[in-house]
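There are 2 protein chains.
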Amino acid sequence: MVHSISDGAENNDCETDLCSPPHRQAENCKSTYKVGFPPRRKLCREFAETLKETFFSDDPLRPYKDQPKSRQLVLGLQHVFPILEWGRNYNLTKFKGDIIAGLTIASLCIPQDIGYAKLANMDPKYGLYSSFVPPLIYAVMGSSRDIAIGPVAVVSLLLGTLLQNEVDYTTNKEEYQSLAFTATFFAGITQAALGFLRLGFLIEFLSHAAIVGFMGGAAITIALQQLKGFLGIKNFTKNTDIVSVMKSVWGSVHHGWNWQTILIGAIFLAFLLSAKYIGKKRKKLFWIPAIAPLISVILSTFIVYITRADKNGVQIVRKIETGLNPSSIHRIHFSGSYAAKGFRIGVVAAMIALTEAVAIGRTFAAMKDYQLDGNKEMVALGTMNIVGSMTSCYVATGSFSRSAVNFMAGCQTAVSNIVMSLVVMLTLLVITPLFKYTPNAILSSIIISAVISLVDYEAAFLIWKVDKFDFIACMGAFFGVVFVSVEVGLLIAVSISLAKILLQVTRPRTALLGNIPRTMIYRNIEQYPEATKVPGVLVVRIDSAIYFTNSNYVKERILRWLRDEEEQLKSKDLPRINFLIVEMSPVTDIDTSGIHALEELYRGLQKHEVQLLLANPGPVVIQKLHMAKFTELIGDDKIFLSVGEAVMTCTLKAVEDV
Amino acid sequence: MVHSISDGAENNDCETDLCSPPHRQAENCKSTYKVGFPPRRKLCREFAETLKETFFSDDPLRPYKDQPKSRQLVLGLQHVFPILEWGRNYNLTKFKGDIIAGLTIASLCIPQDIGYAKLANMDPKYGLYSSFVPPLIYAVMGSSRDIAIGPVAVVSLLLGTLLQNEVDYTTNKEEYQSLAFTATFFAGITQAALGFLRLGFLIEFLSHAAIVGFMGGAAITIALQQLKGFLGIKNFTKNTDIVSVMKSVWGSVHHGWNWQTILIGAIFLAFLLSAKYIGKKRKKLFWIPAIAPLISVILSTFIVYITRADKNGVQIVRKIETGLNPSSIHRIHFSGSYAAKGFRIGVVAAMIALTEAVAIGRTFAAMKDYQLDGNKEMVALGTMNIVGSMTSCYVATGSFSRSAVNFMAGCQTAVSNIVMSLVVMLTLLVITPLFKYTPNAILSSIIISAVISLVDYEAAFLIWKVDKFDFIACMGAFFGVVFVSVEVGLLIAVSISLAKILLQVTRPRTALLGNIPRTMIYRNIEQYPEATKVPGVLVVRIDSAIYFTNSNYVKERILRWLRDEEEQLKSKDLPRINFLIVEMSPVTDIDTSGIHALEELYRGLQKHEVQLLLANPGPVVIQKLHMAKFTELIGDDKIFLSVGEAVMTCTLKAVEDV
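Residue numbers (UniProt numbering), protein chains in the order written: chain B, 1 to 658; chain S, 1 to 658.
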């Protein structure tokens, strides 16, 4: 415990000074512990381990170990089709939970599907198609028990915007739909490929903050788009930014608004929001907001049918064709410029869809305490979208709102998705003609009340409190979406996320360390103002791996710490610095540029007659320093197990020199 | 010193156990040191400091502090034009060094310039132009004393390839040259802007390994291109990959090779390489390889003139127009599609040119121990290229080979560049007609002997020894350039560099810690096999900031450590783990995703009845954990100054529970 070392360089007691007899002290001082030099691993083993940590960090082959071949086959099949695993323990109790949950989410999804299809500039039936086939596929292959599959607002908006940039849906509907199926196909391929190649971690490059901002912005944009249906405006802008939309809205205030539409919309929006509020206040009443949309649709359709309000300008859904999903394989572009466009759009939609689905899956898996393999999920979601693209569906994924309802309604397995899918099937076969008189305003109200909870201002406030830089990312994405477009918002979100990573590796933190009184521990003097510097010794900690991105900065920064310190000492007429100890504990890795920087640091210090010492280099670092002969350059005796021991040696040496 | 803690949970001595009386022990055990919680800084101050570290880490305003206004003006002018600073102390001794160095590099640069211009598909005179104006500008604005400015091989090759992709120089020479000037202009703008906006650190994203590979590949490609001149082949491929070039070479073996050309080329190449070898062996004879190229040119020109070998198929330079740089402002495209193309090409060329110049500047600055401001250098290099683009120059930068000669010839200041520039001017005015009979084969030999030293196999071998991943990057760039093209090689280099950064932040290392005998220190048990685990306690260290990119991985990885450990304990019938200590020393920062992951970890551990403890969170981390109320969640008493203290508390608790 070098607790009084700061009293002066003459003081050379170094450990257990409170009680050790003098001879013990001297003994302890000399026996500094050698820094461990782990046995060098074989190249292939090292490589295999890196690969494993990168791609198989979840150790997926663990259950297969020490099993007979037949069992391995069963396990493999169960891995691809988890239904084979949980299906064997399926029973009536579970089915009861699933059927209630399934019916609830079906009643929620039917009106949402019709509305979301319009966001994607598709006919309403495609929304319903996408709630029929994909959930069935997912039920067989997916491993989340709580996710509710179908079209979602943000992906629909994104697809609508990106597709519209390529083909105009008003003038060239057929081609627009073909491109939508093409994009869906490639979205599925992308998702399945990411999962299969175990590159699922790529979606983690979108930071939480960026997602919060992006989702919030998308929700606002979607809500603004609904003003068209809500106010009954006929000529509405095709842009999604708030300025264009507001111009459209105000421009048509005198002749474009329809008061009957507004009346119906406002009443039902109030109803939906109240239902939502009740559901939020009393968790047991979750079913009220869940069935409110369907009730609104039924009531409003009935009202319009009775009053024939559509003659007074209230816009209605008109026709939804009856019948199940037709095949759409022949409409997918597998080559040509449309294939390229579809691919680009598909990749973007795939990533957003994955982000949403994986977040939902993880949240509920953590709540119910079961494991979820992200890569396996991606394969399931991808397959579902590939099959979907061939059966007239557009990109489906897990929906936040419906999954929450599913969970609260007591779903047990993916069977609730099957139930929902069957209800949608019945709807497609029988009920669709009844939607004829459903006013568009109701669909708008339903969408507004659905997306409003995506504006997560609480999360944004927490981000503000915790990390200002993250908040900038969040706001950048938000305003990008709201004021420019979904793509720009997404681009901002990704760029800021990446910029943060790059900044982190370019400008790592460094800190001056001081001795914590009565211990041998050295800590950041900013965090522990009572920590005292040791005269003649400067202790600097580098808080990052030293790589080409920061090696120069690290070197310069250390020299700046030294320069600043020396100036301060000079002004106070105190003895100069003779030793610079670099605490390497947080330095997890180093590359050739980093070693080069250390060499330059060593040479620079030599010219100023300051000795360089290293404390606690990790296994990888010490090995590489050894390989590059840096340890020879500065001397093996300049490398210590801990800062405490390094300081001890310095002060002993200073005494010897005197 | 919990040295015997591993003997069993009953053992509760915790500090200074070798000598403390028992009552002391108990006292020490209870007085664990509280983790420091630094006073919260104001938002604007925090922001300002982050900005400063990012953009002004070199503290450029330091000398201006506490100075009168007039002095600040002088300092400011000297900052922009360093010649005002060093020019005042200039004297005859320095001039002697500079004039010798200047003459030497002039003799080296004239033949190189003519050859490099051909690499860029430009007429020879443009190479000379680029060695006249840019060095003059640099001498006034640059702060490196040793760099030699002019066209360089790699940038010339890069420009030649990129420009040729847009405009064919054989059919549309005028437009090709215009595009070259446009690219040069935008390269200058890019360089100056990077420096002015203090974004110079961006060039550090090209890793050392990638540069070694790229340069080596470019050198091989350049040497292969010289086979055209060296073998006297007339129909040569325009591609630069080794396969196309070799096809060209073998395809013309029977009718395209010219033995007189080969003879002249081979003799002088042997001469040049011997000169190089001598210069390398005896540093004092550095001037032999420096003037060998000029001697070769003079001799070979004389020989061809006498023997009229050009009549026998030996290709000669023919005409180089006399006269200084004409203005080329009117030839730069400031708008339109060519401007966009020029901009793209310019940005790429600018980055490569900067990388080379800054590396040279830093190397020699370190040798002579003076400071070099990277951002200032970029402004100087950028201005020089902007002016160059208006005076018929193409992209110039610092040349490795000529700078080394400059240094060895004893240059003192940038005046050596002025001397060189004046010699080139005289050449342009008077001597160019004499180059008429210079055989192309000689230029090829000169280029081959110049670029061959860019193949830095020693650096590659060191990279192989130190870091296998870096080696892959190096080889990727190398083979990309050699087998595909310069752009592809560059793209590979950048991608692998970025991938490495991203991988580093996605899959941080984690380690199990054990107690080092007779200390309270805990270290990686892989590095210190003698370190012992503490029964009932698992100590895990996370070696990175916890960000959105790795938060999930970190959580899963810690749980995997726990699972693996518990299985091992079970198989050995040992007591289970009750405490999980996370050593946070290397965790320099955390974001909302990271805190979320910690919360999930805490909940997951709770379900398994394992207590979570944190050791030594840094100032930023503890503040953020506090903000997000994570400290409340796990309890303030679960956060410790060091692993040692945390373990002590655990073992005490275990004893109490028994």
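Don't be surprised by glycine CBs; every beta carbon is placed ideally from N, CA and C.
- Listed in chain order, the positions of the stretch 350–374 of chain S with a beta carbon within less than 7 Å of a beta carbon of chain B are 366, 369.
- As for any alpha helix (DSSP H) of minimum length 4 sitting wholly inside the stretch 280–354 of chain S, the runs are 287–307, ordered along the chain.
- Taking C-beta atoms under 8 Å as the contact rule, residue 105/B and residue 427/B fail to qualify, at a distance of about 13 Å.
- Take the alpha-carbon of residue 541/S and the one of residue 606/B: they are about 34 Å apart.
- The residues 351, 354, 355, 358, in chain order, have a CB closer than 7 Å to that of residue 203/S in the same chain once the five nearest residues on each side in sequence are set aside.
- Within the stretch 606–635 of chain S, 607, 618, 619, 624, 627, 628 place their CB atoms closer than 7 Å to a CB of chain B, listed in sequence order.
- Residue pairing by DSSP places residue 611/S opposite 579/S in a beta bridge.
- Looking at the DSSP output, residue 541/B sits in a beta bridge with 511/B, 583/B.
- The beta carbon of residue 320/S is closer than 6 Å to those of 124, 125, 432, 435 in its chain, skipping five residues each way along the sequence.
- Cβ atoms of residue 134/S and residue 440/S stay farther apart than 8 Å, at about 25 Å.
- Taking each of 57/B, 475/B, 429/B in turn and checking the Cα distance to residue 503/S, the smallest one comes out for 57/B.
- A Cβ-Cβ separation of about 53 Å leaves residue 430/B out of contact with residue 505/S under the 8 Å criterion.
- When DSSP states are grouped into helix, strand and coil, residue 433/B belongs to the helix group.
- Per DSSP, reduced to three states, the secondary structure at residue 522/B is strand.
- Here the alpha carbons of residue 229/S and residue 245/S stand approximately 13 Å from one another.
- In this structure, DSSP gives residue 640/S an extended state, which the three-state scheme calls strand.
- Here the C-alpha atom of residue 497/B lies approximately 9 Å from the C-alpha atom of residue 549/S.
- Remark: three or more beta-carbon pairs, one from each stretch, lie closer than 8 Å, so the stretch 387–399 of chain B and the stretch 180–190 of chain B are flagged as touching.
- The shortest CA-to-CA distance from residue 536/S to any of 80/S, 215/S, 574/S is the one to 574/S.
- Taking a Cβ-Cβ cut-off of 8 Å, the neighbours of residue 595/B in chain S comprise 466, given in sequence order.
- Taking a cut-off of 8 Å for Cβ pairs, the stretch 409–426 of chain B and the stretch 78–95 of chain B touch, as three or more such pairs fall below it.
- Checking the DSSP bridge columns, you'll see residue 398/B partnered with 149/B.
- Nearest CB-CB separation between residue 461/B and chain S: not below the 7 Å threshold.
- Taking residue 94/S as the centre and dropping the five residues before and after it, the same chain places the C-beta of 412, 413 closer than 7 Å to its C-beta, in chain order.
- As the crow flies, the alpha-carbon of residue 619/B is around 10 Å from that of residue 523/S.
- The C-beta distance from residue 586/B to residue 586/S rounds to 4 Å, short enough to fall under 8 Å.
- Fewer than three pairs of CB atoms, one per stretch, sit closer than 8 Å, so the stretch 556–572 of chain S makes no contact with the stretch 566–584 of chain B.
- For residue 394/S against residue 120/S, the beta-carbon gap comes to about 6 Å, under 8 Å, which counts as contact.
- At the C-beta level, residue 555/S and residue 613/S stay beyond 7 Å of one another.
- The DSSP-derived three-state label of residue 535/B is coil.
- Per the C-alpha coordinates, the member of 642/B, 409/B, 588/B, 89/B positioned closest to residue 291/B is 409/B.
- Residue-level contact by beta carbon holds for residue 521/S and chain B, with a gap shorter than 7 Å.
- With respect to chain B, the C-beta atom of residue 553/S has a partner C-beta closer than 7 Å.
- Not flagged as an interface residue toward chain S: residue 405/B, since no C-beta distance is shorter than 7 Å.
- For residue 95/S, the uninterrupted alpha helix (DSSP H) segment begins and ends at 92–119.
- Annotation for residue 304/S: 264, 310, 314, 316, 437, 438, 439 place their beta carbon closer than 8 Å to its own, counting only its chain and skipping 5 residues before and after.
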